[in-house]
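Protein chains in written order, with the working numbering: chain A, 1 to 112; chain B, 1001 to 1112. Where a beta carbon is used, it is the ideal one built from N, C-alpha and C, also for glycine.
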């Protein structure tokens, strides 16, 4: 099992460009999440999907959109990137009775 | 007021010593508690979970939970230089769907 995979690993964008971060899990988990991690700020939840077909805003959703494509895949889109979106982005999935979350390897995004 | 608080550290311990990492949380209704280890440049890795008061041991790691005092701790026995990492405490937010609330982490340095 690969667990949670993310693409790309690194990305550099110019201000105003758009891109989609991809995430997939093979653990048959119902729930998936997108976080960003910035120095001194910890992990902040951007969006989550409690189950296939549903998505909800987290703590910092502005400037992002998500799509739960199917049970395995959950993508994060930046429509018009801004330097404030420079961060490390992690996807996670959870399942089981206690909903333990497992993280992907992350995407390092720089917006110039 | 932060919902999950951790001392940012660094906590420095010599090799072979016991490292004690602490976390307090504000939501009395929280039910699930997790410890993640994050090496520099890597993603968070789940190392311990605890759901009831008392101690839970797994190898060199012991998680301790005291719901009355609203704290959870992680003890690492026989600390090794390879344990040097940032340790994140996460708590079930207990607000409907089980979103985790993360602390900002404690950096642990184990010196040879």
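Determine the burial state of residue i: buried for a count of at least 16 other Cβ atoms within 10 Å of its Cβ, exposed for fewer.
i, result
"residue 4 (chain A)", "buried"
"residue 1030 (chain B)", "buried"
"residue 1050 (chain B)", "buried"
"residue 958 (chain B)", "Because residue 958 (chain B) is not part of the residues shown, which for chain B are 1001 to 1112, the question remains open."
"residue 1086 (chain B)", "buried"
"residue 1077 (chain B)", "exposed"
"residue 1106 (chain B)", "buried"
"residue 1034 (chain B)", "buried"
Please state whether DSSP places residue i in a helix, a strand or coil.
i, result
"residue 101 (chain A)", "strand"
"residue 93 (chain A)", "strand"
"residue 1032 (chain B)", "coil"
"residue 1083 (chain B)", "helix"
"residue 85 (chain A)", "helix"
"residue 69 (chain A)", "coil"
"residue 952 (chain B)", "Outside the shown range of chain B (1001 to 1112) lies residue 952 (chain B), about which nothing can therefore be said."
"residue 1060 (chain B)", "coil"
Residue i to residue j, Cα distance in whole Å?
i, j, result
"residue 94 (chain A)", "residue 27 (chain A)", "9 Å"
"residue 1041 (chain B)", "residue 53 (chain A)", "32 Å"
"residue 103 (chain A)", "residue 66 (chain A)", "17 Å"
"residue 1103 (chain B)", "residue 16 (chain A)", "32 Å"
"residue 1006 (chain B)", "residue 1088 (chain B)", "8 Å"
Which residues in chain C have a C-beta closer than 8 Å to the C-beta of residue i? List them in chain order.
i, result
"residue 1025 (chain B)", "Note that chain C does not occur in the displayed structure, where the protein chains are A and B."
Excluding the 5 residues preceding and the 5 following residue i in the sequence, name in chain order all residues of the same chain whose CB lies nearer than 8 Å to its CB.
i, result
"residue 1054 (chain B)", "1064 and 1065"
Shorter than 8 Å from the beta carbon of residue i to some beta carbon of chain B?
i, result
"residue 47 (chain A)", "no"
"residue 89 (chain A)", "no"
Near residue i, what residues of its chain come up, given a Cβ to Cβ distance below 7 Å and the 5 sequence neighbours on each side ignored?
i, result
"residue 63 (chain A)", "78, 82 and 85"
Distance cutoff 8 Å, beta carbons only. Does residue i sit that close to anything in chain A?
i, result
"residue 1051 (chain B)", "yes"
"residue 1044 (chain B)", "yes"
"residue 1103 (chain B)", "yes"
"residue 1070 (chain B)", "no"
Suppose the cutoff is 6 Å on Cβ atoms and the five residues either side in sequence are ignored; what does the same chain contact list for residue i look like?
i, result
"residue 14 (chain A)", "112"
"residue 1032 (chain B)", "1051 and 1092"
"residue 1014 (chain B)", "1111"
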